[in-house]
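In terms of this note's numbering, the sequence shown is residues 2 to 295.
Worksheet: the structure to be examined is printed underneath.
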Amino acid sequence: MVDGGKFQTSFHVPSAFFAMLIGAKGATRKRLETETKTQILVPKQGTDGDVIVKGPSRKGVTSCRQRIELIVLGARSKQQFTHFLSIPLNSEQIRVNYAKFRERVLTELPGVFQLDESLFQRVEKLHLTLCTLSLMDNEDRARAAQLLRDCQETIVGPILEEYGPIEIRLVGLEYMNDDPHAVDVLYAKVESDVLQQVADRTMEYFVANGLMQRKYDRVKLHATLINSLFRGNGEIVGGDEERRGGRVTFDAVTILREFGHFEFGTQRVSEIHLSQRYSTACDGFYEATGLIKL
Numbered sequence: 002m003v004d005g006g007k008f009q010t011s012f013h014v015p016s017a018f019f020a021m022l023i024g025a026k027g028a029t030r031k032r033l034e035t036e037t038k039t040q041i042l043v044p045k046q047g048t049d050g051d052v053i054v055k056g057p058s059r060k061g062v063t064s065c066r067q068r069i070e071l072i073v074l075g076a077r078s079k080q081q082f083t084h085f086l087s088i089p090l091n092s093e094q095i096r097v098n099y100a101k102f103r104e105r106v107l108t109e110l111p112g113v114f115q116l117d118e119s120l121f122q123r124v125e126k127l128h129l130t131l132c133t134l135s136l137m138d139n140e141d142r143a144r145a146a147q148l149l150r151d152c153q154e155t156i157v158g159p160i161l162e163e164y165g166p167i168e169i170r171l172v173g174l175e176y177m178n179d180d181p182h183a184v185d186v187l188y189a190k191v192e193s194d195v196l197q198q199v200a201d202r203t204m205e206y207f208v209a210n211g212l213m214q215r216k217y218d219r220v221k222l223h224a225t226l227i228n229s230l231f232r233g234n235g236e237i238v239g240g241d242e243e244r245r246g247g248r249v250t251f252d253a254v255t256i257l258r259e260f261g262h263f264e265f266g267t268q269r270v271s272e273i274h275l276s277q278r279y280s281t282a283c284d285g286f287y288e289a290t291g292l293i294k295l
């Protein structure tokens, strides 16, 4: 786009990242402007608006924008996640079997784990996580919801047309770390090659559009059942469990031996949610910032 003989581009940057774009005493912005021979206009802190890059050459403006987007992506990756793409596990079979599993662990193996019910995911919030996102403002949230709708048309729709409805099966247990004697996250395994394809391609789309950084080659499909991080509040959110100081581990050897092949049941996948972390909707699941029906 040409403005007064100069090339110009404008694009959204969450105001939370303005300070990182400018840098200490303006050093980051000055370096970018010098190296790309451009001018960067950033809205005043506390206000909203697009970042504008102007310059005499298309190449310089494009390069500057790309470098700003990398700064934003790096800053976003350091934030606590606010949302996650999820599949609600709301079939009656899975809910009933999960409740039975929880009851048996708490009553049949009480001396082994020193667990209490607050470490278990709530039945109403059982879910599979596809990826986690840090969405900083309304524009971020609207964009993520639109990307999810794009996925319905370009990814999910064609896969459903080829394979038909997606059926998943939850069976067996796994844990996040390497030592079964010191486990902090225990989850149910998911069987579905088709859903794996949906999850991987959806993650790729969000990565390609700058709303998340790639952490793994493939999505780790799992349903978190027990998480020691959330001792006391009874809620486990997201799927990329954050490691924090003070986490209490537990010995899962016996539970893996006794329930390692536990059948939680099957379900047809009917929707994918853009779920808001630390929220509760009227049905007991997370509030949906966006969703698509399958």
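The beta carbon of each residue, even a glycine, is placed where N, CA and C say it ideally should be.
Near residue i, what residues of its chain come up, given a Cβ to Cβ distance below 6 Å and the 5 sequence neighbours on each side ignored?
i: serine 135; result: Arg77, Gln80, Phe82, Thr83
i: serine 11; result: Asp51, Ile53
i: serine 92; result: Gln268
i: glutamate 264; result: Val172
i: threonine 37; result: Gly61, Ser64, Cys65
In the DSSP assignment, find the beta strand (DSSP E) that holds residue i and state where it starts and stops.
i: phenylalanine 265; result: 264-269
i: phenylalanine 12; result: 7-12
i: arginine 170; result: 168-176
i: tyrosine 188; result: 186-192
i: asparagine 228; result: 223-228
i: isoleucine 273; result: 272-277
i: proline 89; result: 84-89
i: valine 54; result: 52-56
i: alanine 289; result: 289-294
i: threonine 255; result: Threonine 255 -> not in any beta strand (DSSP E); alpha helix (DSSP H) instead, spanning 254-260.
i: threonine 108; result: First-last for threonine 108: 93-109, but that is the alpha helix (DSSP H), not the beta strand (DSSP E).
To which residues of the same chain is residue i closer than 7 Å at the C-beta, ignoring the five residues directly before and after it?
i: lysine 294; result: Ser271, Glu272
i: lysine 7; result: Lys55, Gly56, Pro57
i: glycine 24; result: Arg30
i: glutamate 70; result: Gly211
i: arginine 215; result: Val208
Should residue i be flagged as near chain B, meaning a C-beta pair shorter than 8 Å?
i: arginine 96; result: In the displayed structure, chain B is absent; only one protein chain is listed.
Is it true that the CB of residue j sits closer than 8 Å to the CB of residue i?
i: leucine 257; j: leucine 171; result: no
i: isoleucine 72; j: methionine 21; result: yes
i: leucine 129; j: leucine 222; result: yes
i: valine 195; j: isoleucine 160; result: yes
i: glutamate 125; j: threonine 267; result: no
i: leucine 187; j: alanine 100; result: no
i: leucine 116; j: phenylalanine 207; result: no
i: leucine 127; j: arginine 96; result: yes
Excluding the 5 residues preceding and the 5 following residue i in the sequence, name in chain order all residues of the same chain whose CB lies nearer than 8 Å to its CB.
i: threonine 290; result: His84, Leu136, Arg142, Ala145, Ala146, Leu275, Ser276, Gln277
i: glutamate 288; result: Ser276, Gln277, Ser280, Thr281, Ala282
i: proline 166; result: Arg269, Val270, Leu295
i: glycine 261; result: Gly173, Leu174
i: glutamate 34; result: Gln40, Ile41, Cys65
i: phenylalanine 286; result: Pro89, Asn91, Glu125, Lys126, His128, His274, Ser276
i: leucine 74; result: Gly211, Gln214
Kindly indicate the opening and closing residues of the alpha helix (DSSP H) around residue i.
i: glycine 75; result: 59-78
i: glutamine 122; result: Unbroken run through glutamine 122: none, as it is neither H nor E.
Among the options, whose alpha-carbon lies nearest the alpha-carbon of residue i?
i: leucine 131; options: Ala224, Tyr164, Thr108; result: Ala224
i: leucine 86; options: Ala17, Glu205, Asp179; result: Glu205
i: histidine 13; options: Gln67, Gly61, Gly5; result: Gln67
i: glycine 47; options: Leu74, Lys38, Ser16; result: Ser16
i: valine 199; options: Ile95, Met213, Glu163, Ala183; result: Glu163
i: glutamate 140; options: Gly5, Val184, Ala28, Leu212; result: Leu212
i: leucine 148; options: Thr203, Ile95, Glu104, Gly158; result: Thr203
i: leucine 107; options: Leu120, Val97, Ile95; result: Leu120
i: glutamate 259; options: Met177, Asp179, Glu109; result: Glu109
i: serine 193; options: Val220, Arg123, Thr255; result: Val220
i: valine 157; options: Leu292, Asp49, Gln122; result: Leu292
i: histidine 182; options: Glu154, Gln122, Thr255, Arg123; result: Thr255
Handout entry: Length-filtered (4 minimum) alpha helix (DSSP H) runs lying within the stretch 12-53
Key = Annotation: the stretch 12-53 contains the following complete segments of the alpha helix (DSSP H) (minimum length 4 residues), in chain order: 19-23, 28-37.
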